[in-house]
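Q: This note's numbering puts the last residue of the sequence shown at 455; the count rises by one with no breaks.
Cβ coordinates follow ideal geometry from the N, Cα and C atoms, glycine included.
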Amino acid sequence: MDAVIDVGSNTIRMLLGSCHHGKILPHSYQRQITRLGGDFSPQTGLSTAAMERALITLESFSQIIAATDISQVRAVATAVLRRAKNRSSFLARIAAETGLNIEVIGGEEEGRLTTLGSLSVIDPTPDTAIVIDIGGGSTELICLVEGEIRLQKSYPLGVVNLCEEYFSTAQRQQQINSIVQQSNQSLQNAGLAEKNYQLIGTAGTITTLAAIHLQLQKYNPHLINNHEISIDWLANIQEKLELISVPEREQLIGMEKGRGDLILPGLQILLTLMSQFQCSAVKVSDYGLLEGVMLQLTES
C-alpha cells in the first residue's frame, strides 16, 4: 500500500491505497481545509498562521502513515508553494517536524497528473475534452484531442487569491477574463480553438457544486464522479448564493465547511470558462491531482 499527499493552496489531502490495472483501490482518505494560501504576501510569502494550520494537518497525516504498513510515500505541493518566498524554510520545517519531504511540482506537471487522475473515473473516457482544475492558488486547463494532451496551461489565479485580493465581482471578473483571453489565444495558436470539447471539471469548487446539486447530506465520491451540471443551474445557484451571507451558504446541503466565501469566486471562473468554450454542461470528476500522483507512483 502507498500514501500520496496533495498540499494545495486551500486543502491538504491524503490517500492511502494501491492500484490494479489502472484503477485505484482506496484504503483511506483524509482531507482538511487549511487555507495555506490565506493572507499570502508576495513580499514575504506564506503567513505564520497558515503555516501552523498546515503543519498540524501534516503532522496528523504523518502519524497515520507511521501507523500503517506503507511501501512508498509521495507528497506534492502546488501553486502557493511555487510562489512563496519562504518556501525553502517552510519545507525544511515540515521535513524536520513531520518527516515528510514535500515536492513542489510545476504547473504543467500538475496539469498532467490532474488529467491522469480525473479521467481515470470518467466513463466513457472522452476523446476530445478540456479538463478544468480550479484550485486555491491556480487554475489548470488541459486540452485533449484524440485522447492525447495537446495543450496545458496553468494560470496563477485560484479561489483563495481571487477571494482575498479582489473584493468586488467586477474586479474578479476582470482577472478571470484575462486568463480566458490567454487560454483562447493559446488554443487559437495551436489550431485547437474550433473543436467541440466536452468539459471535465475537478477540484473543490466543482465537486462542492455537484454535492449541492445532488443535495448530498454526506459527500459520496461515487455519486460525484460522472455527474453532469448544466450551465443554467450554475447560473441560477450563483444568483442564489449572491443573496445570502457566508454563514448561510455554509448551511446549504452539500456545501463543504470552510468554502462559503470561496464558492462564488470559483463559480465565477467556471461559468466564464463554460461560456468561452460554449459548453452547456460540465461533467464532474472527484478524482484529480491526488489520484494522478497515486496512479503514477504505483505504475513507476
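1. For the beta strand (DSSP E) holding residue 356, just list the boundary residues, first then last.
2. Tell me where the alpha helix (DSSP H) around residue 166 begins and ends.
3. Within 8 Å of any Cβ in chain B, is that where the Cβ of residue 386 sits?
4. Assess, as a yes-or-no matter, whether the region 409 to 429 is touched by the region 312 to 331 under the definition of 3 or more beta carbon pairs within less than 8 Å.
5. Does the distance from the C-beta atom of residue 380 to that of residue 282 stay below 8 Å?
6. Please list the segments of the alpha helix (DSSP H) lying wholly inside the region 289 to 347, counting only runs of 4 or more residues, in order along the chain.
7. For the pair the region 330 to 349 and the region 385 to 402, tell me if three or more CB-CB distances fall below 8 Å.
8. Please determine if the region 364 to 381 and the region 285 to 305 are in contact, where contact requires at least 3 C-beta pairs separated by less than 8 Å.
9. Taking all protein chains shown into account, decide if residue 166 is buried (16 or more other Cβ within 10 angstroms of its Cβ) or exposed.
10. Quick one, are the C-beta atoms of residue 226 and residue 253 less than 8 Å apart?
11. Does the region 397 to 409 come into contact with the region 438 to 452, if we say contact requires no fewer than three beta-carbon pairs (one atom in each stretch) closer than 8 Å?
12. Kindly list the residues whose CB is nearer than 6 Å to the CB of residue 177, restricted to its own chain and excluding five residues on each side of it in sequence; keep chain order.
13. Under DSSP, the alpha helix (DSSP H) around residue 376 begins and ends at which residues?
14. Residue range of the beta strand (DSSP E) that residue 209 falls in?
15. Could you work out which residue in 310, 284 and 259 is closest to residue 352 when comparing CA atoms only?
16. Would you say residue 295 and residue 262 are within 8 Å of each other, going by their C-beta atoms?
17. With residue 250 as the anchor, note down where its alpha helix (DSSP H) starts and where it stops.
18. So, under 8 Å CB-CB, residue 201 and residue 184 are touching, yes? Tell me the CB distance rounded to an integer number of Å.
19. Using a threshold of 8 Å, state whether the C-beta atoms of residue 249 and residue 213 are closer than that.
20. Is the Cβ-Cβ distance between residue 209 and residue 189 less than 8 Å?
A: In terms of the structure at hand:
1. 353 to 357
2. Unbroken run through residue 166 is the beta strand (DSSP E), 166 to 175; no alpha helix (DSSP H).
3. In the structure shown, chain B cannot be found, because there is only a single protein chain.
4. yes
5. no
6. 314 to 320 and 324 to 344
7. no
8. no
9. buried
10. no
11. no
12. none
13. 376 to 379
14. Counting along the chain, residue 209 falls outside any beta strand (DSSP E), though it belongs to the alpha helix (DSSP H) covering 203 to 221.
15. 284
16. yes
17. 242 to 253
18. So it is not a contact: roughly 25 Å between Cβ atoms.
19. yes
20. yes
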